[in-house]
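Sequence order for the protein chains is A and B. Just so we're aligned: the first sequence equals residues 1 to 213 in the working numbering. Just so we're aligned: the second sequence equals residues 214 to 426 in the working numbering. All C-beta atoms in this analysis are idealised placements derived from N, C-alpha and C, irrespective of residue type, glycine included.
Protein chains: 2
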Amino acid sequence: MPRTADHDARRAQIAAAVVRLVAGDGLDAATVARVAAEAGVSVGLVQHYFPAKDDMLLFAYERVMTDAGSRVAQRIAEGEARQGTINGVVLDSLMELLPVDEARRAEYRVARAFHGRALDNAALTEVARRWAEDIRRRLSVAVQNGTECGEVDPETDAELAAVRMVALVGGLAEQVYRDADRPVGARTMAAAAERILRDCLDDVFAGECRHYM
Amino acid sequence: MPRTADHDARRAQIAAAVVRLVAGDGLDAATVARVAAEAGVSVGLVQHYFPAKDDMLLFAYERVMTDAGSRVAQRIAEGEARQGTINGVVLDSLMELLPVDEARRAEYRVARAFHGRALDNAALTEVARRWAEDIRRRLSVAVQNGTECGEVDPETDAELAAVRMVALVGGLAEQVYRDADRPVGARTMAAAAERILRDCLDDVFAGECRHYM
DNA sequence: ACGATAGCCGTATGGACATATGGTTTTCGC
DNA sequence: GCGAAAACCATATGTCCATACGGCTATCGT
Numbered sequence: 001m002p003r004t005a006d007h008d009a010r011r012a013q014i015a016a017a018v019v020r021l022v023a024g025d026g027l028d029a030a031t032v033a034r035v036a037a038e039a040g041v042s043v044g045l046v047q048h049y050f051p052a053k054d055d056m057l058l059f060a061y062e063r064v065m066t067d068a069g070s071r072v073a074q075r076i077a078e079g080e081a082r083q084g085t086i087n088g089v090v091l092d093s094l095m096e097l098l099p100v101d102e103a104r105r106a107e108y109r110v111a112r113a114f115h116g117r118a119l120d121n122a123a124l125t126e127v128a129r130r131w132a133e134d135i136r137r138r139l140s141v142a143v144q145n146g147t148e149c150g151e152v153d154p155e156t157d158a159e160l161a162a163v164r165m166v167a168l169v170g171g172l173a174e175q176v177y178r179d180a181d182r183p184v185g186a187r188t189m190a191a192a193a194e195r196i197l198r199d200c201l202d203d204v205f206a207g208e209c210r211h212y213m
Numbered sequence: 214m215p216r217t218a219d220h221d222a223r224r225a226q227i228a229a230a231v232v233r234l235v236a237g238d239g240l241d242a243a244t245v246a247r248v249a250a251e252a253g254v255s256v257g258l259v260q261h262y263f264p265a266k267d268d269m270l271l272f273a274y275e276r277v278m279t280d281a282g283s284r285v286a287q288r289i290a291e292g293e294a295r296q297g298t299i300n301g302v303v304l305d306s307l308m309e310l311l312p313v314d315e316a317r318r319a320e321y322r323v324a325r326a327f328h329g330r331a332l333d334n335a336a337l338t339e340v341a342r343r344w345a346e347d348i349r350r351r352l353s354v355a356v357q358n359g360t361e362c363g364e365v366d367p368e369t370d371a372e373l374a375a376v377r378m379v380a381l382v383g384g385l386a387e388q389v390y391r392d393a394d395r396p397v398g399a400r401t402m403a404a405a406a407e408r409i410l411r412d413c414l415d416d417v418f419a420g421e422c423r424h425y426m
């Protein structure tokens with residue numbers, strides 16, 4: 001057998017370089033040559049691991065969205081561990097998606113940049129679609145659990161509520177990102193977003209039952 | 214004086230070509246050469262009216278957003294004319310922004326494509342910011358009017374409600390666009406979005422007073 | 001009617017890019 | 001230790017692009 005290398009690690013290394021470049025200077029900055037330089041490897045190596053540039057971008061996008069999903073899953077696990085209300089767990093999960101610090105703002109920039117390109121790239125669109133579907137499903141299950149334990153009004157349509165929550169958090173993220181420094185009354189935009197999100201969740205999870213997901 | 218031409222008409226003609234190309238094949242398709250061909254003019258003429266490509270894109274983006282704003286304003290004017298409730302007028306205005314038919318889907322594609330590039334272009338960001346600010350202001354005024362005439366609970370924070378409505382309609386637009394064919398329970402995504410929007414507005418405009426904006 | 005000037009065009013130019021290609025180095029089974 | 005194959009690199013290639021540039025052409029004041 002010949003020389004070996006950690007395929008996954010190399011791909012991750014290159015994807016991380018892509019993400020840094022996109023976060024810093026947009027998708028157009030992620031040229032193959034610059035990605036190679038940022039990752040500290042040669043152009044040829046990037047080609048070795050990603051035959052076409054689109055493969056590289058798709059992989060990087062998948063990685064970013066997977067990471068974001070993992071953070072949400074982690075928040076859910078934490079909520080379960082401390083036996084919080086479903087309302088609280090969902091709030092923590094969704095707050096995780098608001099670009100309130102520089103790390104999350106960077107992630108938001110990357111996600112949005114790819115999302116823009118997804119408009120004319122079916123593979124990227126599919127990643128975005130799956131991600132949205134995944135989070136909607138999680139939220140829908142949370143609402144159904146709430147229905148069963150009394151935290152949610154039994155009349156509530158779980159899927160509809162999930163669409164509503166995803167829409168709200170996505171729209172709030174956009175405003176928090178763009179207008180972070182614009183006050184909303186006496187609040188910062190981030191504080192306003194949190195308040196709006198809390199109100200929405202208090203509306204869905206109006207019951208009293210204490211339960212974990 | 215030498216030969217004259219309708220400056221504004223020419224710029225509009227070129228901008229329309231940009232919009233068609235972006236709607237069809239994304240921002241990268243809007244090269245100067247292709248825009249010229251699509252508009253039926255020479256490359257040199259495009260340069261004559263837009264010294265740099267960025268000027269051209271900025272102008273096209275401004276035009277798209279202005280058009281969208283005008284449609285909203287028109288819906289408001291129609292609502293005033295028929296003396297509808299504020300709730301109804303706001304609903305019509307916001308429904309106008311959902312990508313429910315091919316024309317609006319095309320507009321949504323264009324807006325989103327530019328929005329993505331705005332992440333690393335200050336001039337484009339400023340357009341997006343002003344547009345959001347404008348619609349938030351309109352909504353905030355509508356809520357305040359509602360407060361004065363009894364259609365809105367006096368405790369309601371108008372600016373917060375405006376942020377909430379903008380967030381909701383933006384997030385719903387994204388899901389309607391991407392998941393138009395995905396059913397939400399027994400509804401289409403578009404029907405689900407309308408229902409969610411109605412519920413939100415019925416929550417804000419809970420009072421009974423019949424009034425026009 | 002005529003020249004000045006804006007309108008308009010075609011092509012040239014130089015740079016950046018994705019990808020192709022040929023070669024060098026390392027490692028592992030034998 | 002040695003050969004084979006993967007890992008890795010440097011550079012070549014051809015395309016596409018934004019912009020520069022020089023030259024026609026139509027029109028308006030005179």
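**Request:** Tell me whether residue 64(A) sits in a helix, a strand or coil according to DSSP, three-state version.
**Result:** Look at residue 64(A) here: in three-state DSSP terms it is helix.
**Request:** On the DSSP bridge assignment, give the partners of residue 184(A) in chain order.
**Result:** When DSSP reads this structure, residue 184(A) sits in a beta bridge with 187(A).
**Asked** Measuring CB to CB, does residue 110(A) end up less than 7 Å from residue 22(A)?
**Response** Yes.
**Cutoff 8 Å; reference residue 166(A); Cβ partners in own chain excluding five residues on either side** = Excluding residues within five positions, the ones whose Cβ falls inside 8 Å are 132, 135, 136, 139.
**Request:** Have a look at 393(B), 356(B), 416(B), 318(B) and flag the residue whose alpha-carbon is nearest the alpha-carbon of residue 237(B).
**Result:** Checked all of 393(B), 356(B), 416(B), 318(B); the closest Cα to residue 237(B) is 318(B).
**Asked** Given a threshold of 16 other Cβ atoms within 10 Å of its Cβ, counted over all protein chains shown, does residue 269(B) qualify as buried or as exposed?
**Response** By the neighbour-count criterion, in which a residue is buried when 16 or more other Cβ atoms sit within 10 angstroms of its Cβ, residue 269(B) is buried.
**Request:** Classify residue 189(A) as buried or exposed, calling it buried when 16 or more other Cβ atoms lie within 10 Å of its own Cβ.
**Result:** With 16 or more other Cβ atoms within 10 Å, it is buried.
**Message:** What would DSSP say about residue 71(A), mapped onto helix, strand or coil?
**Reply:** It is helical.
**Request:** Could you name the residues of chain B that residue 196(A) contacts, counting a contact when the two beta carbons are closer than 8 Å?
**Result:** Contact of residue 196(A) with chain B by beta-carbon distance below 8 Å involves 373, 376, 377, 380.
**Message:** Tell me the DSSP secondary structure of residue 3(A) in three-state form.
**Reply:** For residue 3(A), the secondary structure class from DSSP, reduced to helix, strand or coil, is coil.
**Asked** Checking contacts by CB at 7 Å: is residue 120(A) closer than that to chain B?
**Response** Interface annotation, residue 120(A): in contact with chain B, CB-CB separation under 7 Å.
**Request:** With 7 Å as the threshold, decide whether the Cβ of residue 247(B) is near any Cβ in chain A.
**Result:** False, the Cβ-Cβ gap to chain A never drops below 7 Å.
**Request:** Specify, as a first and last residue, the run of the alpha helix (DSSP H) that residue 123(A) falls within.
**Result:** Segment 122-149, the alpha helix (DSSP H) holding residue 123(A).
**Closest by C-alpha distance to residue 6(A), when choosing among 33(A), 45(A), 90(A)** = Checking every option, the nearest Cα to that of residue 6(A) belongs to 45(A).
**Message:** Once the 5 residues before and after residue 329(B) are set aside, which same chain residues still bring their CB inside 8 Å of it?
**Reply:** Sequence-distant partners of residue 329(B) (beyond 5 residues in either direction) whose C-beta falls short of 8 Å from its own C-beta, in its chain, are 240.
**Top-ranked residue by Cα proximity to residue 419(B), from 336(B), 274(B), 366(B)** = Closest option to residue 419(B), judged by alpha-carbon separation, among 336(B), 274(B), 366(B): 366(B).
**Request:** Answer yes or no: do residue 321(B) and residue 390(B) have a C-beta to C-beta separation smaller than 7 Å?
**Result:** For residue 321(B) and residue 390(B), yes; Cβs fall inside 7 Å.
**Message:** Taking contact to mean 3 or more Cβ pairs, one atom from each stretch, closer than 8 Å, check whether the stretch 38-54 of chain A and the stretch 74-85 of chain A are in contact.
**Reply:** Because the criterion of three Cβ pairs below 8 Å is not met, the stretch 38-54 of chain A and the stretch 74-85 of chain A do not touch.
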